[in-house]
Every structure is written in C-alpha cells, then in structure tokens.
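Residue numbers (UniProt numbering), protein chains in the order written: chain A, 1 to 318; chain B, 1 to 326. Even glycine gets a Cβ: it sits at the ideal position worked out from N, Cα and C.
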Amino acid sequence: MTTTLLELKSVEKKFAAKSAWFQSKQFVHAVNGVSFELNERETIGIVGESGCGKSTTGRCVLRLIEPTSGEVIFQGKDITKLNKNEINQIRKNIQMVFQDPMASMNPKLTIREILSEPLIAHKIPRSEHEKLLSETVKLVGLSENYLARFPHEMSGGQRQRIGIARAIILKPKIVILDEPVSALDVSVQSQILNLLQDLQEELGLSYLFISHDLGVVEHVAHRVGVMYLGEMVEIANKEELFENPLHPYTKALISAIPKTDPDEVKERITLKGELPSPSNPPTGCKFHPRCIFAQDICKTSKPEIREVEGRKVACHLV
Amino acid sequence: MSNLLVVNGLTTQFESKNGPLTVVDGVDFTLKKGEVLGLVGESGCGKSVTSLSILQLLDKYGKISSGEVLYENTNLVNKTEKEMKKIRGKEISMIFQDPMNSLNPVLTIGKQIGEVIEKHEKVKGAKLKQKVVDLLNLGGIPRADEIFHEYPHRLSGGMKQRVMIAMAIACNPTMLIADEPTTALDVTIQAQILDLLRSLKDELDMSILLITHDLGVVAEMCDRVVVMYAGQVVETTDTRTLLRNPRHPYTEGLIQATPHQSKGKSRLKSIVGQVPTPDQYSPGCRFADRCPKAMDICQSNVPPLFEIDGQTSCRCWLYEMKEEVI
Chain A
1 MTTTLLELKS VEKKFAAKSA WFQSKQFVHA VNGVSFELNE RETIGIVGES
51 GCGKSTTGRC VLRLIEPTSG EVIFQGKDIT KLNKNEINQI RKNIQMVFQD
101 PMASMNPKLT IREILSEPLI AHKIPRSEHE KLLSETVKLV GLSENYLARF
151 PHEMSGGQRQ RIGIARAIIL KPKIVILDEP VSALDVSVQS QILNLLQDLQ
201 EELGLSYLFI SHDLGVVEHV AHRVGVMYLG EMVEIANKEE LFENPLHPYT
251 KALISAIPKT DPDEVKERIT LKGELPSPSN PPTGCKFHPR CIFAQDICKT
301 SKPEIREVEG RKVACHLV
Chain B
1 MSNLLVVNGL TTQFESKNGP LTVVDGVDFT LKKGEVLGLV GESGCGKSVT
51 SLSILQLLDK YGKISSGEVL YENTNLVNKT EKEMKKIRGK EISMIFQDPM
101 NSLNPVLTIG KQIGEVIEKH EKVKGAKLKQ KVVDLLNLGG IPRADEIFHE
151 YPHRLSGGMK QRVMIAMAIA CNPTMLIADE PTTALDVTIQ AQILDLLRSL
201 KDELDMSILL ITHDLGVVAE MCDRVVVMYA GQVVETTDTR TLLRNPRHPY
251 TEGLIQATPH QSKGKSRLKS IVGQVPTPDQ YSPGCRFADR CPKAMDICQS
301 NVPPLFEIDG QTSCRCWLYE MKEEVI
C-alpha cells in the first residue's frame, strides 16, 4: 500500500523583477500552482526545459527558496508555516543533491569534514560520527581512504558519490536530486543511476528527481511530471506518459529525444519558436503559441489541470 | 564518394611538468564528400583536440608531433599560419559547443558575421549587409533585419547557435566541424538545430564532422562513426552497424549504459571505473582495466586496428584471429 509522504498543493513562487519607480511591481512567475504528491519509496521525475521552474519547485520544498503561496505538507505538517528550528528538523528528513558536486562542496575541506557538517548541524553525538562516516562512504561505493581527500582529488563521478553520501548520511526519507547526473559522462552516469536505485531499495528512500534528460527520467522514475513555464502540464505513470503522452507539449518533448534505434520510425513534432519569457507569458494556455493543435479557446482561457484517464493533464483538447 | 579529408596517424602532444602528454595518439579517419561523420567519445578522449588539430587551433602548449591531415590532398600540418587563415572559415569552418562564449559580446551580430565575409571576399556596404541578412535567414533566424543590429546577450541559446551556424556557413565552406553543437541546448531546440544542420548540408553541399558524446544525435545525423577512447580510435563503422552490432567492448558498454536503450530493464549496465587521463595510459589496451572481456594479451600489448569488413575496423584483440592487420 502506498502512503503519501510529501504533498505539494498549488505551490507558487514569484520573483520580483526590476521595474521603474512609476510602474506597478513586476513579477516573474517562476512556479505557478504546482501540485503533486510523492509516495513512500517512489521516484517522481520532474522534467522540462531550462527556465520551466523545475529547480525552483525542488528548492521550494526545502524552503531554500521561500514559496510565495501554497502548501508543502510533510508528515502532516505544512512546511511553509514552520519556524526556523522546526524547518531544520524537517531538513534532517529531506535532503538535496545538486548538479555540480564541485560547486556544491567547499574546496578547502576534506571529504571527512564535508560529510561531518550535516552531523554537526543536526547535533549527532561525536561518538557516532566515525561509524556513520565509514558506513556511508561504503554505502556509496567508495573506500574509507577517500575521507582524507579533497574534492579536487576526485573525479566527477566520485564527487557526485560524495554529494549523495552527504545527503543520505542523516538517513533522510526524501532526497531531492537536482540534475544529479547531467554533468557526468554516460558510462559514469549509469554507475550513479544504479547507485541511486540500490540506495532507494536499501534505505527505503523517496526521490524527487529533477532532470532535463528524458531518457534518464524514463529509466529511474515511477511517475513523471512535465513542467512548462512554471506550470505542471501533465503528470502520469512513466509507462503511460512515454507510450501515450496526452499533452501536446509532452508529445513534442518526447518526440524530440534523438532515438538511438536506427529502425525506429521517427515522427517528430518540431516545436516552432522558443520558450517565451516567464516575465511576460502568453495569455490563456501558456503553450498555445508553439502548439500545433491550438484552437481559439487556448488563446483566451487557461486550462486547469484535471484528471483524464487516471492521470492529470492541463489541456483543453484532451 | 571521393575523400575530402584524410587524417593519417595524427598525434598531438601537450607540454606538461612531467614531459609531453600524448592526448591524441595516431588517429586515422576519412571524411568523404557529402558525408556526416560522427566522432564519438566521452570527455577526455581527445575528440575536441582532434578537431582543433585539424584546423591548427591548438594553444601554445599543444603541438602536432606527427601525422598528416590531408584536405583535398594537401597536407594542412605543413601550412603556415597565414595559409591556414585562408582555409579557416572559407574551406573548413567550425561551430562550438557553447555559443554563449563563442560570440564577441561587444559586437553586433551583423558586424560579427560581416567580419568573416570581409576577411575572405571583397564585399562591402549595402551588399555586405544584404549578404548577412540572407545568411541569418538561411540560419532560420526570424526578424533577420532587426537581429542584424542586436548584441549577442539579447539572444537565447538556440538563437546564438543559429548565429554561429550562419557565421560558419558565411563563405560556403566545403567542410563544417561541429563540436557538440547541441549539448548546451534543450531537447526541443536541439531538434530544431539538428534539422537546420541537415537541411543546410544538402543545400550547400557540405560535409560535416560532427563531434558528440550523444549516441542519439549520432543515430539521427551521421552516416559513419568513429569512436574514440583515451586518445585512440577504437572503432570505425557505419551508424547502423555501430548501434546494432557494436564490435568493441567499449562501444558496446557505451550503448548499454545509455538509459534510453535500456527500456524495461531495471538496472543499467555500466562500465566500471573511469576514463584514464593521458598520464595513466597502460602499456597494453587502454580499455583493458574496464573491459569485461579482457584477456592476458590486453594488459601488455596495444591492439592495432583490425579490419573486420570493408566498412568496419576495431581496435581489440578479440578480432585478431578473424582478419589480418591493416
């Protein structure tokens, strides 16, 4: 039986944009009413092109970016309403792995110091540190010798293992993975993806897996949410989404993946134009200027996300 | 099809504190007229250095130590800088991975493209402007008249790459080197740029050397593929054979490690370890430490490229018995 671990309810984030003193305040709507839930031991993939708000959504969960409105419910509590002490308790259970492990580690600290930081921050007794450190390093497939090294002495793949070790050392329930393999080569990428799957089984983790690479998401995720200009346009089980995408944007996105199979029939929907600026989004359905199926209704009224054939889609035409 | 570019035993070394490092080691391949040849490999395998060596764009620490680059039967390695300047942009041009860093931020788009044309042809004034606008249109850039006066920072990544392509084709080159042209772009934009390259290739009758790490891009674009590993060519074959029937264990591993290929399987096959750096190359086969099929001979002897059939050659001892050495 699946239990819901984390639930996002119409989370919204507006960034104030530069505006002249006589203008009314301008906003960039980075995340606009995103809702989904993450179940225990589940991986949910969030995909979309750059600037669609997928990373901002991930950060809103941990309140690394303060959401403007909406609720993030974890263990029955709304994270957005907690004070600083309470949020720190939550962060013990929700951890994050970033895209570039070199940029997210202090180059002057050894791996031992880097991995000890979460332990110190969450007041784990000193006596347990050593055991936890060696356990965790082994769990991510490295030997204890690596604890004495500096980040620059390691390869990209090893550094990302440390990034993962830092996230799991506190035994969290949820790990938010923000493009965890985008900076890695294919052969190393597959090692890290396998590691993530092993850890999920062993530690019973749930992943919020943010990526622009649909191939990777198809491989790791159980459910996938597709974002476009700050909105969730479709969310469905992986198999359904990749085999029978309903939203025109999802269709285009999936058809744009270069196929490695030379015999596969290519029916590509090439999108016209580029992602509009989120500070000045189109009216109605935000996708309509690039959509090949667009009707008059799409230009004026915004489709709400609703349930179709057991999954959620935001499109007037399905 | 006749050969446009023949690279023979190209070896490029870089100076380092501990003596010269061989980054590209005896690379051979041929680009035929009208063909798209893929150069595939992971970071650090020497694919970009190979392309920079072809155009002699290496920095002061890099040097071609042996081998030849025959372009239409003339050896580019012996050319002087002055002679190379006539070839770059006019005969062979190049587009880079990161369009953000390859455009001059303080020149307008029109000025930058105009510069290339002025360098090679005697066109000026209104005629030059018309030519640039035509090129921008050819590159699929909307509102070309306005973009002419814009600065690069006003354009998106996809648009900048289109400008780079327009600049590269300004003088009707016979050969285009595209170094990871879509790696920095989103998938939907990548699809647009690949379509553009494909149509330009036919329209202008170009040959393309496409450098990429993405096997999906290879499948979409290339006629033949050269796979590189640790500075050496490990396999050369046509795209179909490569994807259907990879010969070298590295190529096989690379294909199996690609998530999209693994449909349905819960675990990806991965290659253990990582790409060695040039100072760690083993005396035998450079892939031996990571190879699931490694034999005793692999540890001590460097395998030559064995020809398997007319199309395919592979640097692996597994194919020793089957055919003679080329």
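Where do the N-terminal and C-terminal ends of the alpha helix (DSSP H) with residue i fall, by residue?
i	result
A/D213	Careful: A/D213 lies outside any alpha helix (DSSP H) and carries neither H nor E.
A/F242	K238 to E243
B/V218	L215 to M221
A/D198	V186 to L203
A/E86	K84 to N93
B/T251	P249 to A257
B/I297	D296 to S300
A/K299	D296 to T300
A/L58	Sequence check: residue 58 of chain A is Gly here, not Leu. Residues K54 to L62.
B/L243	T239 to R244
Going by DSSP, what residue range makes up the beta strand (DSSP E) through residue i?
i	result
A/H152	Premise fails: A/H152 is in no beta strand (DSSP E) and is neither H nor E.
A/K251	First-last for A/K251: P248 to S255, but that is the alpha helix (DSSP H), not the beta strand (DSSP E).
B/A230	Here B/A230 belongs to no beta strand (DSSP E), and DSSP marks it neither H nor E.
B/T22	L21 to K32
A/V34	Q26 to N39
B/S207	S207 to T212
A/T4	T4 to A17
A/G225	R223 to Y228
B/V7	N3 to F14
Should residue i go down as buried or exposed, given a rule of 16 or more other Cβ atoms within 10 Å for buried?
i	result
B/V325	With a pLDDT of 48 at B/V325, under the threshold of 50, the modelled position of this residue cannot be trusted; read the value that follows with caution. So B/V325 ends up on the exposed side.
A/N88	exposed
B/Y204	In the sequence on display, residue 204 of chain B carries Leu and not Tyr. Under this definition B/L204 is an exposed residue.
B/R290	buried
A/V47	buried
B/C316	buried
B/R154	exposed
B/A219	buried
A/Q95	buried
residue 319 of chain A	Any answer about residue 319 of chain A is impossible in this case: the structure gives chain A only from 1 up to 318.
B/M94	buried
A/V4	In the sequence on display, residue 4 of chain A carries Thr and not Val. Classification for A/T4: exposed.
A/Q23	exposed
A/V286	The amino acid at residue 286 of chain A is misidentified as Val; the sequence shows Lys. Per the 10 Å Cβ criterion, buried.
B/G19	exposed
B/S53	buried
A/E239	exposed
B/K17	exposed
A/A17	exposed
B/G125	exposed
B/D202	exposed
The stretch 127 to 157 of chain B: positions lying closer than 7 Å to chain A by Cβ: The stretch 127 to 157 of chain B vs chain A, Cβ under 7 Å: S156.
Within the stretch 105 to 158 of chain A, ranges of the beta strand (DSSP E) (whole runs, at least 3 residues): You should have found no qualifying run.
Can you pull out the residues from the stretch 219 to 233 of chain A whose beta carbon lies closer than 9 Å to at least one beta carbon of chain B? Hits within the stretch, in order: H219 and V220.
At what residue ranges does the stretch 48 to 101 of chain B contain a whole run of the alpha helix (DSSP H), taking only runs of 4 or more? Runs found: 81 to 87.
Quick test of the definition: if touching needs 3 or more C-beta pairs under 8 Å, does the stretch 216 to 233 of chain A touch the stretch 27 to 47 of chain A? The stretch 216 to 233 of chain A is in contact with the stretch 27 to 47 of chain A.
Along the chain, which unbroken stretches of the alpha helix (DSSP H) at least 4 residues long are found entirely within the stretch 105 to 190 of chain B? Runs of the alpha helix (DSSP H) lying entirely within the stretch 105 to 190 of chain B and spanning at least 4 residues, in chain order: 109 to 120, 125 to 138, 144 to 147 and 157 to 168.
Are the stretch 203 to 218 of chain B and the stretch 32 to 39 of chain B touching by the rule of at least three beta carbon pairs closer than 8 Å? Yes, since at least three Cβ pairs between the stretch 203 to 218 of chain B and the stretch 32 to 39 of chain B fall closer than 8 Å, the two stretches touch.
Listed from N- to C-terminal order along the chain, which residues in the stretch 211 to 241 of chain B have their beta-carbon within a distance smaller than 9 Å of any beta-carbon of chain A? Listed by position along the chain: H213, D214, L215, G216, V217, V218, A219, E220, M221, T239 and R240.
Using Cβ-Cβ distances below 8 Å, what residues of the stretch 179 to 207 of chain B are close to chain A? When C-beta distances to chain A are compared with 8 Å, the residues of the stretch 179 to 207 of chain B below that value are D186, V187, T188, I189, Q190, A191, Q192, L194 and D195, in chain order.
Quick one: any contact between the stretch 68 to 81 of chain B and the stretch 140 to 154 of chain B, if contact means 3 or more CB pairs under 8 Å? With a cut-off of 8 Å, the stretch 140 to 154 of chain B and the stretch 68 to 81 of chain B do not count as touching, because too few Cβ pairs lie within range.
Select from the stretch 266 to 280 of chain A all residues with a C-beta closer than 7 Å to any C-beta belonging to chain B, and list them in chain order. Among the residues of the stretch 266 to 280 of chain A, those with a Cβ less than 7 Å away from any Cβ of chain B are R268, T270, L271 and E274, in the order of the chain.
Output, in sequence order along the chain, the residues in the stretch 104 to 130 of chain A whose CB is closer than 9 Å to any CB in chain B. Of all residues in the stretch 104 to 130 of chain A, none has a C-beta nearer than 9 Å to a C-beta of chain B.
Please list, in chain order, the residues of the stretch 243 to 259 of chain B that have any C-beta partner in chain A closer than 9 Å. Those residues of the stretch 243 to 259 of chain B that come within reach of chain A (Cβ to Cβ, closer than 9 Å) are L243, R244, Y250, G253, L254, I255, Q256, A257, T258 and P259.
Chain B contacts from the stretch 182 to 207 of chain A (Cβ-Cβ distance under 8 Å): Close to chain B, meaning a Cβ-Cβ distance shorter than 8 Å, are the following residues of the stretch 182 to 207 of chain A: D185, V186, S187, V188, Q189, S190, Q191, L193, N194 and Q197.
Contact residues within the stretch 265 to 288 of chain B, judged by C-beta distance below 8 Å to chain A: The residues in question are S266, R267, L268, K269, S270, I271, V272, Q274 and V275.
What residues in the stretch 43 to 57 of chain B have a beta carbon less than 8 Å from any beta carbon of chain A? Within the stretch 43 to 57 of chain B, the qualifying residues are S43.
Contact list for the stretch 37 to 58 of chain A against chain B, Cβ threshold 8 Å: Cβ contacts with chain B come from E49 and S50.
Quick check: the stretch 243 to 260 of chain A against the stretch 4 to 21 of chain A, are at least 3 beta-carbon pairs closer than 8 Å? No, because fewer than three Cβ pairs between the stretch 4 to 21 of chain A and the stretch 243 to 260 of chain A fall closer than 8 Å, the two stretches do not touch.
Three or more C-beta pairs under 8 Å: does that hold for the stretch 160 to 175 of chain B against the stretch 105 to 118 of chain B? Under the three-pair Cβ rule at 8 Å, the stretch 160 to 175 of chain B counts as touching the stretch 105 to 118 of chain B.
Is the stretch 182 to 198 of chain A touching the stretch 274 to 281 of chain A in the sense that three or more CB pairs, one from each, lie closer than 8 Å? No, the stretch 274 to 281 of chain A is not in contact with the stretch 182 to 198 of chain A.
Assess contact between the stretch 69 to 82 of chain A and the stretch 10 to 18 of chain A, defined as three or more Cβ pairs (one per stretch) separated by less than 8 Å. Is contact present? Judged by Cβ distances under 8 Å, the stretch 69 to 82 of chain A makes contact with the stretch 10 to 18 of chain A, as three or more pairs qualify.
If you pair each beta-carbon of the stretch 293 to 313 of chain A with each one of the stretch 214 to 230 of chain B, do three or more pairs fall below 8 Å? Below 8 Å, too few C-beta pairs join the stretch 293 to 313 of chain A and the stretch 214 to 230 of chain B to call them touching: fewer than three.
Give, in chain order, every residue of the stretch 129 to 154 of chain A whose Cβ lies closer than 9 Å to some Cβ of chain B. Under the 9 Å Cβ criterion, the stretch 129 to 154 of chain A contributes no residue.
With 7 Å as the C-beta to C-beta threshold (strictly closer), list the residues of the stretch 241 to 254 of chain A near chain B in chain order. Going along the stretch 241 to 254 of chain A in chain order, one finds A252 and L253 with a Cβ nearer than 7 Å to chain B.
Could you say if the stretch 56 to 68 of chain B and the stretch 4 to 16 of chain B meet the contact criterion of at least three C-beta pairs nearer than 8 Å? Of all C-beta pairs linking the stretch 56 to 68 of chain B to the stretch 4 to 16 of chain B, three or more are shorter than 8 Å, placing the two stretches in contact.
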